[in-house]
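Residue numbers (the numbering used here): -3 to 507. Using N, Cα and C, we set each Cβ at its ideal position, and we do this for glycine too. Keep in mind the model is a prediction, meaning the values are calculated, not measured. First up is the structure itself, then whatever we jot down about it.
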């Protein structure tokens, strides 16, 4: 495909939902898979819902996930500006054209009059009351008023909106790349507002004009926009751009884990998992919603997980690097049906990516946390060893700090179930003997610590295996955990010996 151009066009009305991130990812992958251009456009026409900081949040999210736009408000190409609020004169020019051609009209109805119309339709048992080809003839608009009265109202500063004039009894068709042919009769469509009373365009007008002027070839967006697609097709036709109309692809809904309904912020909170990619502080309530990043998800894991929300590679392969995704992504692999948001699967992906990640990636953060939170000095080399030890046992990256503390602190509480079963004079003698041998070494590897344990206790006539669990309790206070001999190597033989003896003395006092 030549000159592919796609856009991600979020509204800065709050935090970017994870579903929006999925849309951005699919646009990005499609563009890169076809040597195309990925555009970030900020759709801020609804100034009443604009939220301070939301645009920066969108950019920070894409930066975290390395979904890098080729053109955006900060890196403008030849089709700028890339914020709709800065393109107001452009929309005025095109809405005037629609008015002149008889494809749009002025409407002066007050909110009270609109409400009255809807209530009357409801009383007459109209299932979907709307401003359409039937009701517009009884409303206060330039189709029912004289030209002179329309001019007088406009000159007097009376508020108005501009609506599209939906044609009567026509069929609108579009060939969606995911869903195939979509056909809608104009009898069920309403005369949507194109320009609001503040002179700003609605999404419907602005996105069509911008997509055309920015030479967007494919509009890839969520299924919730599918009902609006016929309206957008009509606008392309009315503006004479029918042959330059982009191809549409409407992505499947992201559903709750049980498949029962669309995933929402409330549903995610109820299920106990994030819905936003990054932490978000609501500017009105100051309520903080935790993000996937702060929960401990790696960006690579999130990308891999999100790619499978509505797309499949057609193989059994589950792990895809960003380059793999670009290479394999095809539009005909996108599902029509809604896709369940399986948070446990997201966690599983994160665990696998932590295991695969070079330990050095986490080391500096671990060193800093130990220093700040517990005043523990730890070298990068030791931190890497600790991370190697714990990799198989963590779900999120922040757990490295929590679980690493067993390396640095002498236990004062001990697993009582194990102590009850294993604590006796033989245990005390055998493990003190091992501590004495450890004390003579300046350093030991994992293998050397293991060999020393088995030789020392074996030569003294003990069965070493029966003391392993109690040795762990003496070192950590816990009955299970990471590889014991690796821990002794990291702690160091002399410190490990001191810890064993200290625990033996404490347990002797307690028992």
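Could you say which of the options lies nearest to residue i if we only look at CA atoms?
i, options, result
"residue 175", "137, 479 and 218", "218"
"residue 467", "438, 442 and 426", "426"
"residue 122", "302, 228 and 184", "184"
"residue 315", "290, 332, 337 and 351", "351"
"residue 358", "339, 245 and 385", "385"
"residue 285", "14, 145, 199 and -1", "14"
"residue 197", "111, 242 and 88", "88"
"residue 497", "470, 278, 17 and 415", "470"
"residue 28", "321, 119, 254 and 447", "321"
"residue 160", "221, 222, 144 and 137", "137"
"residue 296", "256, 348 and 246", "348"
"residue 438", "336, 424, 287 and 487", "487"
"residue 80", "93, 432, 179 and 41", "41"
"residue 74", "1, 113, 23 and 126", "1"
"residue 275", "266, 292 and 154", "292"
"residue 103", "391, 157 and 374", "157"
"residue 414", "395, 39, 476 and 282", "476"
"residue 282", "304, -1, 4 and 10", "10"
"residue 465", "481, 67 and 398", "481"
"residue 338", "416, 318 and 301", "301"
"residue 72", "369, 115, 38 and 287", "38"
"residue 64", "318, 264 and 106", "318"
"residue 31", "382, -1, 48 and 43", "-1"
"residue 346", "330, 289 and 374", "289"
"residue 173", "404, 459, 85 and 330", "330"
"residue 243", "266, 130, 483 and 214", "214"
"residue 43", "195, 390, 397 and 400", "195"
"residue 509", "236, 187, 101 and 407", "Lying before the first or after the last residue shown, residue 509 is absent from the chain, which here runs from -3 to 507."
Within 10 angstroms of its Cβ, does residue i collect 16 or more other Cβ (buried), or is it exposed?
i, result
"residue 62", "exposed"
"residue 51", "buried"
"residue 152", "exposed"
"residue 148", "exposed"
"residue 463", "buried"
"residue 99", "buried"
"residue 518", "This structure does not reach residue 518, given that the chain is present from -3 up to 507, and the question cannot be answered."
"residue 268", "exposed"
"residue 134", "exposed"
"residue 142", "exposed"
"residue 207", "buried"
"residue 376", "exposed"
"residue 45", "exposed"
"residue 177", "exposed"
"residue 323", "exposed"
"residue 203", "buried"
"residue 456", "exposed"
"residue 193", "exposed"
"residue 6", "buried"
"residue 332", "exposed"
"residue 145", "exposed"
"residue 523", "With the chain represented from -3 up to 507, any question about residue 523 goes unanswered, as that position is not in the structure."
"residue 116", "exposed"
"residue 527", "Past the boundaries of the shown model lies residue 527; the chain is included only from -3 to 507, so the question cannot be answered."
"residue 273", "buried"
So residue i and residue j are in contact, right, with Cβ under 8 Å, and what is the actual spacing, rounded?
i, j, result
"residue 258", "residue 249", "5 Å"
"residue 225", "residue 299", "Not really, about 28 Å apart at Cβ, beyond 8 Å."
"residue 510", "residue 97", "This structure gives no information on residue 510, because the portion of the chain shown stretches from -3 to 507."
"residue 271", "residue 19", "Not confirmed; about 15 Å, so no contact."
"residue 12", "residue 54", "5 Å"
"residue 334", "residue 410", "Not really, about 51 Å apart at Cβ, beyond 8 Å."
"residue 58", "residue 36", "7 Å"
"residue 180", "residue 168", "5 Å"
"residue 49", "residue 279", "7 Å"
"residue 201", "residue 91", "6 Å"
"residue 397", "residue 434", "That pair is no contact at about 27 Å."
Taking Cβ to Cβ, would you say residue i is nearer than 8 Å to residue j?
i, j, result
"residue 489", "residue 440", "yes"
"residue 503", "residue 419", "yes"
"residue 493", "residue 445", "no"
"residue 222", "residue 239", "no"
"residue 363", "residue 342", "no"
"residue 212", "residue 3", "yes"
"residue 22", "residue 66", "no"
"residue 229", "residue 241", "yes"
"residue 294", "residue 393", "yes"
**Asked** For the region 120 to 170, which segments carrying the alpha helix (DSSP H) assignment without a break, of at least 4 residues, lie completely within its bounds, in sequence order?
**Response** Qualifying alpha helix (DSSP H) stretches, in chain order: 143 to 151.
**alpha helix (DSSP H) runs wholly inside the region 375 to 400, at least 4 long, in chain order** = 376 to 386
**Asked** At which residue ranges does the region 29 to 112 contain complete beta strand (DSSP E) runs of 3 or more residues, listed in the order of the chain?
**Response** 33 to 36 and 100 to 103
**Runs of beta strand (DSSP E) lying entirely within the region 259 to 331, each at least 3 residues, in chain order** = none
**Prompt:** What residue ranges within the region 193 to 250 form continuous alpha helix (DSSP H) runs of no fewer than 4 residues, ordered along the chain?
**Reply:** Listed in chain order, the complete alpha helix (DSSP H) runs (minimum 4 residues) inside the region 193 to 250 are 199 to 209 and 225 to 234.
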